[in-house]
Every structure is written in C-alpha cells, then in structure tokens.
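Just so we're aligned, residue 1 is where the sequence shown starts under our numbering, counting upward by one. This report refers to the structure that appears directly beneath it.
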Amino acid sequence: MNEASSLAPLSSEEPLVSIIIPVKNGLPTFKAVVDMVRVQELDAPFEVIIIDSGSKDGSKQIVPADDPRFRLIEIDPKSFGHGRTRNLGVQHSRGKFCAFLTHDAVPVDKYWLAELIKPLREDDAVAGVFGRHVASPGASPFTKWELEAHFGGLNNWPKVKLDDAREYFRSEGLRQIYHFYSDNSSCLRKSVWERFPYPDVNFAEDQLWAKTIVEAGYTKAFAWNSVVAHSHEFTLWERVQRSFDEASAFRRYFGYRICASKKLGLRRAIFSTIRDFRNAAVNGWIWKHPISTLLMPFDNCARQIGHYLGTTRSEEARHAQLFSRDQKIRAQ
1 MNEASSLAPL
11 SSEEPLVSII
21 IPVKNGLPTF
31 KAVVDMVRVQ
41 ELDAPFEVII
51 IDSGSKDGSK
61 QIVPADDPRF
71 RLIEIDPKSF
81 GHGRTRNLGV
91 QHSRGKFCAF
101 LTHDAVPVDK
111 YWLAELIKPL
121 REDDAVAGVF
131 GRHVASPGAS
141 PFTKWELEAH
151 FGGLNNWPKV
161 KLDDAREYFR
171 SEGLRQIYHF
181 YSDNSSCLRK
191 SVWERFPYPD
201 VNFAEDQLWA
211 KTIVEAGYTK
221 AFAWNSVVAH
231 SHEFTLWERV
241 QRSFDEASAF
251 RRYFGYRICA
261 SKKLGLRRAI
271 FSTIRDFRNA
281 AVNGWIWKHP
291 ISTLLMPFDN
301 CARQIGHYLG
311 TTRSEEARHA
321 QLFSRDQKIR
331 AQ
C-alpha cells in the first residue's frame with residue numbers, strides 16, 4: 001500500500017487517545033469536524049490522524065499544518081477499505097485508545113472525546129464504545145425522530161456483555177443490539193485491537209468487529225453524552241442503494257434476511273407510512289414540513305425495495321454494481 005505522511009512533526013507528548021478520521025472529498029462538513037476536534041477538552045494529550053484517499057475538493061488543505069497533534073496520511077484511492085484503512089490508522093497511532101470519526105460526523109461540543117473514552121477509562125473490561133448521533137442541521141423532522149428513537153432505545157443498553165450465550169444465539173433481535181456499533185463515532189482499546197483488528201470488508205466492519213469482541217467475552221459500551229451530528233437526506237435512489245448495502249451486508253456477514261419477500265416489504269412500508277403520518281399529524285409536520293411529509297411513503301417504499309434486493313439479489317454481481325451505493329462512492 002502506497003502511503004505518505006505529512007504535516008506537523010510528532011508531538012513529544014505521548015497521547016492517551018489517537019483520533020483517526022478517514023476522508024475523501026469531505027468538504028464542507030469536514031472543516032467543521034476538524035474545527036470541533038481541535039477544541040476538544042481532555043485531561044490528557046491526544047493526536048489526530050487524517051487518512052485521505054484521493055480528495056480533490058481541498059480536504060487535505062483543511063488539516064492544520066501548524067498543529068503538532070495532527071498528521072496527514074495519503075493513500076491510493078484503490079487501497080481504501082472501511083476496515084483496512086482504519087487498521088492502517090491504528091498501526092500509525094500512539095494512543096492507548098483509538099477513536100474514530102467519519103468526515104461528516106461533527107462533534108456537537110468540546111466534551112465529545114472525554115465522554116467517549118470515559119467507559120474505557122472506568123472499566124478495563126470495555127473493549128469498544130460508540131457515541132450518540134443527532135441529526136445534522138437542516139435534517140427533516142422524520143430523520144430527527146428516527147435517530148432519537150434509535151439511540152434512545154440503545155440507551156437502555158449502556159453496556160453489554162455476553163452472559164447468556166444460549167439466549168444470545170437464540171434471539172436475532174438480541175444479537176443485533178449486542179453487535180450494534182458505529183464507526184461514525186467510536187473508540188476502541190488498542191490492546192484488544194491487537195488481538196482483533198477490523199475485518200477487511202466492504203461494509204459493516206464496525207458491527208462485525210463488535211460482534212467479534214462481544215463473543216470473545218469483552219464488554220461493549222454506549223456513551224450517550226458523547227454526541228456527533230451525523231445524518232443523511234437521501235434521494236429515493238440513494239435510499240434504495242443504501243438499503244441494498246445494509247441488507248446485503250447483514251445477509252452475508254450475519255446471516256440475517258432483513259426482507260425475504262415482497263409481501264413483507266410492502267407490509268413494512270405501509271406500517272412505516274402510517275407511523276410517519278401519525279407523527280406528522282401529532283407534531284404539526286404536515287403543515288410545517290409538507291414536502292418531507294409527502295415524500296415519506298416513497299422513502300419507505302425505497303427502503304424496503306433496497307432491503308428486498310439486498311436480501312435476495314446481492315450475490316449477483318450485476319445487481320451489486322447497479323444498486324450498491326458504497327461501491328459507487330469508492331469508485332469516485
């Protein structure tokens with residue numbers, strides 16, 4: 001793998017945390033990410049490793065050359081992999097803990113890092129921590145609601161450790177809670193990574209890693225007070241593609257069949273639309289956000305179409321080439 005490291009010389013202080021941020025054409029949001037990382041308050045040193053895989057929009061120029069905490073590593077775009085590139089960052093790191101952000105996940109305050117590593121500092125059994133997501137500025141109320149509901153549910157599981165293997169392997173829903181993990185904002189213990197590096201896969205490397213460490217007996221934690229603004233407003237076609245990638249990865253790596261029939265997909269789309277219209281009526285979104293409200297039935301259908309195709313057709317190369325959003329992004 002060809003790589004080049006540049007910018008400021010290494011700080012003489014040994015960092016407690018290494019923040020690793022892969023980036024490719026991340027502007028304008030990437031600038032906000034860097035700005036917020038620079039102002040993090042922590043009672044120990046930290047370093048920041050930016051891994052750029054061929055940006056053409058000026059993202060590399062955003063990395064501060066005058067800040068000794070920052071390093072820039074440049075790699076060939078063809079060598080990028082979600083797990084592989086994060087492993088590269090850890091290999092270059094000096095911290096006891098390795099935190100991860102994506103170039104579009106903006107810490108909402110100066111305590112994001114301190115709150116993220118708190119479970120790791122308090123409990124040596126914790127191998128990895130992920131933080132909470134809130135909607136990015138300008139997101140639709142439906143996106144905000146979905147994130148609040150998702151992470152609100154996860155807050156009922158601040159720490160998980162596999163104590164009942166029989167129930168874990170019997171319940172698909174329980175397994176999904178235990179291995180949910182998001183590298184948009186996460187932190188791992190480097191000594192555990194040395195045993196269990198990220199898998200070199202095209203999608204869901206974070207959840208596969210979490211599954212591995214939980215099944216190895218480690219604890220996984222959720223840091224509610226470590227918050228990033230991270231969400232997407234997908235077009236209908238992008239929703240199909242994203243859902244295709246999700247279902248394909250869950251089928252290939254976890255054995256889940258998210259949507260195995262058209263009938264199930266239709267039923268879920270109808271249920272989701274009824275729920276969304278009910279929320280819109282109760283909260284006044286029909287009048288405040290009429291376009292978003294009217295688009296939700298189509299978005300729900302697009303999600304289920306992607307899930308169905310990812311569950312039933314993902315092994316066919318022509319379908320992956322057509323429907324995979326991840327493949328499209330990596331090819332840019």
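Note that the Cβ used here is the ideal one computed from N, Cα and C, for glycine as well. Please read all numbers here as calculations on a predicted model, not as lab measurements.
Among the options, the one whose alpha carbon lies nearest that of residue i
i    : options                   : result
C301 : W224, G89, W193 and K262  : K262
G131 : E115, K60 and T293        : E115
P22  : E47, D52 and A65          : D52
A165 : A149, F142, E215 and L188 : E215
V160 : K190, G152, F46 and I213  : I213
E14  : E47, V240 and A32         : E47
K96  : T312, P45, K144 and V201  : P45
R175 : V201, L208, N202 and G152 : L208
F298 : W287, R189, S59 and R268  : R268
T311 : I73, D276 and G255        : G255
E146 : C259, D276 and D104       : D276
A281 : T293, I270, A99 and F271  : T293
W285 : Q304, K144 and L162       : K144
E233 : L266, I291 and W112       : I291
N279 : Q40, M296, E167 and H133  : M296
R303 : F70, G152 and T235        : T235
S59  : F70, D123 and F30         : F30
M36  : D109, E238 and T102       : D109
D43  : F80, R69 and L113         : L113
H103 : V129, S79 and S55         : S55
L101 : E122, H133, S79 and E172  : H133
F244 : W193, H179, S226 and Y308 : Y308
S191 : Q91, A32 and R69          : Q91
C-beta contact flag for residue i and residue j at 8 Å
i    : j    : result
S93  : I49  : yes
N87  : Y198 : yes
N155 : W224 : yes
R251 : R242 : no
R417 : D66  : Missing from the structure shown is residue 417; the chain here goes from 1 to 332 and no further.
G89  : I177 : no
A125 : S231 : no
A204 : A249 : yes
V34  : V228 : no
A149 : V17  : no
G83  : V201 : yes
L120 : R189 : yes
A247 : G306 : yes
E41  : Y111 : yes
Beta-ladder partner(s) of residue i, from DSSP
i    : result
K159 : A221
S186 : F100 and F130
A22  : Before going on, a small fix: residue 22 reads as Pro here, not Ala. I51.
R71  : I49
P197 : Paired residue(s): none; P197 is not in a bridge.
A65  : Looking at the DSSP assignment, A65 forms no beta bridge with any residue, so it has no partner.
P107 : V228
V17  : F46 and F97
Cβ-heavy atom distance, residue i to the ligand GDP, below 7 Å
i    : result
W237 : The ligand GDP is absent from the structure shown, which contains no ligands of any kind.
Beta-carbon contacts of residue i that lie in its chain and below 7 Å, excluding the five residues immediately before and after
i    : result
D206 : Y181, S182, D183 and S186
First through last residue of the beta strand (DSSP E) which encompasses residue i
i   : result
D52 : F46 to D52
Where the alpha helix (DSSP H) through residue i begins and ends
i    : result
F271 : K262 to N283
C301 : P290 to T312
N87  : H82 to Q91
L27  : L27 -> no alpha helix (DSSP H), and no H or E assigned at all.
K118 : W112 to E122
D245 : L236 to A249
Q176 : E172 to H179
K211 : E205 to E215
E148 : P141 to L154
Same chain, Cβ closer than 8 Å to residue i, five either side skipped, listed in chain order
i    : result
D57  : N25, G26 and L27
F169 : R175
Cutoff 6 Å; reference residue i; Cβ partners in own chain excluding five residues on either side
i    : result
N2   : Any reading at N2 must be qualified, since the residue scores a pLDDT of 46, below 50, and its modelled position is unreliable; no value is offered.
Y218 : A127
S333 : No answer is possible for residue 333: the residues shown for the chain start at 1 and end at 332.
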